[in-house]
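Numbering (full-length UniProt numbering), first residue to last: 1 to 646.
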């Protein structure tokens, strides 16, 4: 069996768990249909949740934990959850949980089926549900990401136009704030609202959005960049580069990835001002000990000397140019292990060669939940870099104590009219306007559906260091001239037909991971009886046969080219070796117990059996040999079908 392959953000063991609660509104309006022939909002919500459950079940990682809650119900058997029903408890999903949601969704009389499970409708408090989710998150270990996704069709559940004055809204907002800020510094918390139906009214003006209650709790509730399914997937995936990345645009101007939300300011308090501040409010105390005055003067002199040392100008050579920095800037440039993106300078886009990228590209996004104002700074920098067609060269580290890389932040926007024309170069000579080339590139991209994978923002492209650059052209050229023969016209024609047949436009939406698609198809076939994958013959079968015949790739051709090898000495068959007296007989563990031969094993061998076959913890190494034998015998008694060879 293949080893489990974790996602990029996952680690071995029990680290980096992702916990998600789906909360579905159970009010009677969710079971009504807005248009004839369409399903109800509650059934649409179940479909969104079921699709995501199937995707999570098919992934190779066990780090995604999901729970499902229905609000507005009479039955509330779960402790701490009032007027809400816990359909699926928080945990790793399996076939049983998927079938439970599938059976509910496929009920012909959905309101009656839900009423039988929940006991009917009853008003509930959303803040109580969120506080329950918060307590569950707090009890979960190794949390990397925690999120609550609320699906509803009620645009104002607080019942007042001045909802911000409502105590219900204040309780809900407090609970949302705790979910977002709960946990350790490396834990990302999110609260998302999905308003159904998806094609409903969505305000675009910021003033209109501010009048909506859900916008005060989730600023992306009216986003039109992606549909509900894609937004749910983004919230569950929660890529680390989007969550815990700090952008430093210069010394003293950076944002922290903590809850402090403080921007560092330059400058120190002068000696006179500090004396006045320390002396304020002490007018009544006229007599101060002379010793304390002397100590205070010495302390101020020491601090002034430290400030003077920091204010000394230092020089550093970057890119062959001598740059003068003060002490604070110099210390900032020497922080090699600092996590985040540190801006070094700007270069034209045509000087960024993406073909030499040394790592997978990423899209970095702002996050106002950690630092206020980061979105505005991000957008302003993006607009200016796109207008000037400049890329940002940065020092990049996704996590502390990780290898530092030099990267380029390449801007991309869909509006080509925002590019400023530049008709003169640095030397005053006229240069060509590159806008037509960009328009031609945009026309090529428009030929395929690129809305799902081309997003506005900065793309992070890894650049090589000086030590990583090498010239292998001569070595490859020698191999091509010495080890290969030039192709004939017939071979070239065979490849022409093959290339012509497979010429196409590439789009990531055309392809899915075949391993993931196969597992998803098997799961859907077991759960729903529908087969997702339809087996078809390849489209280039005749061309492949022509290539095999032209280049002599048949088995006969391989045998002709293969060199005769000397016959190696063959081992005797098992029948002959079985008659030898020294041959070891293979026994099962149950046969050893029946023959009373367990005491012949060493303690290390028994310990390996207990850990490997009996699922015993590593702490059993403290037990004696007799205890290990008893543990193995008890395990075999509890599992009659389990056995292994020795």
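Here a beta-carbon is modelled for each residue, glycine too, at the ideal position from N, C-alpha and C.
A quick note: this is a predicted structure, and the numbers were derived from the prediction, not measured.
Annotation for residue 169: the continuous alpha helix (DSSP H) segment containing it runs 167–181.
For the pair residue 48 and residue 175, the CB atoms are not nearer than the 9 angstroms cut-off. For residue 421, there is no enclosing alpha helix (DSSP H), as DSSP gives it neither H nor E. With respect to the C-alpha of residue 160, the residue from 207, 151 and 213 having the closest C-alpha is 213. Residue range 206–210 is occupied by the alpha helix (DSSP H) that includes residue 210. According to DSSP, residue 411 shares a beta bridge with 458. Residue environment: residue 411 is assigned as buried (16 or more neighbouring CB atoms within 10 Å of its CB, all protein chains considered).
Residue 541 sits in a helix when the DSSP states are folded into three classes. At the C-beta level, residue 114 and residue 101 stay beyond 9 angstroms of one another. The alpha-carbon of residue 497 is positioned some 7 angstroms away from that of residue 543. Contact check for residue 190 against residue 148 passes: the beta carbons are separated by less than 9 angstroms. Around the beta carbon of residue 193, 16 or more other beta carbons lie within 10 angstroms, which makes this residue buried. Residue 67 and residue 88 do touch by the CB rule: their CB atoms are close to 6 angstroms apart, below 8 angstroms. In the displayed model, residue 93 falls within coil according to three-state DSSP, outside both helix and strand. In chain order, 382, 383, 386 and 456 place their CB closer than 8 angstroms to the CB of residue 413, counting only its own chain and leaving out the 5 sequence neighbours on each side. In this structure, residue 353 lies away from residue 395, with their beta-carbon atoms at least 9 angstroms apart.
Between residue 392 and residue 465, the C-beta spacing is not below 9 angstroms.
The residue from 626, 597 and 616 with its alpha-carbon nearest to that of residue 646 is 597. Only residues of its own chain outside the window of five on either side were considered, and among them 69, 70, 71, 73, 76, 124 and 129 have a CB closer than 7 angstroms to the CB of residue 84, listed in chain order. Bridge partners of residue 64 according to DSSP: 18. In the DSSP annotation of this structure, the continuous segment of the alpha helix (DSSP H) that includes residue 374 starts and ends at 374–388.
The DSSP-derived three-state label of residue 36 is coil.
Between residue 27 and residue 458, the alpha-carbon positions lie close to 42 angstroms from each other. Distance from the CA of residue 157 to the CA of residue 110, rounded to the nearest whole angstrom, comes to 23 angstroms.
Inclusion of residue 235 and residue 488 in the CB contact set at 9 angstroms is not warranted, their separation being larger than that value. For residue 146, the enclosing beta strand (DSSP E) has its first and last residue at 143–152. Bridge partners of residue 73 according to DSSP: 121.
DSSP, read as helix, strand or coil, puts residue 391 in strand.
Between residue 594 and the set 619, 636, 602 and 617, the nearest pair of CA atoms involves 636. In the structure shown, the three-state DSSP call for residue 348 is strand. Secondary structure at residue 511: coil, using DSSP grouped into helix, strand and coil.
Taking a 10 Å sphere around the C-beta of residue 640, we find fewer than 16 other C-beta atoms and assign the residue as exposed. For residue 520, the number of other beta carbons within 10 angstroms of its own is at least 16, and it is reported as buried.
If you look at residue 139, you'll find it in the alpha helix (DSSP H) that goes 126–139.
Residue state for residue 405 is assigned as strand, using DSSP reduced to three classes. Around the beta carbon of residue 403, a 10 Å sphere encloses fewer than 16 other beta carbons of the protein chains shown; the residue is thus reported as exposed.
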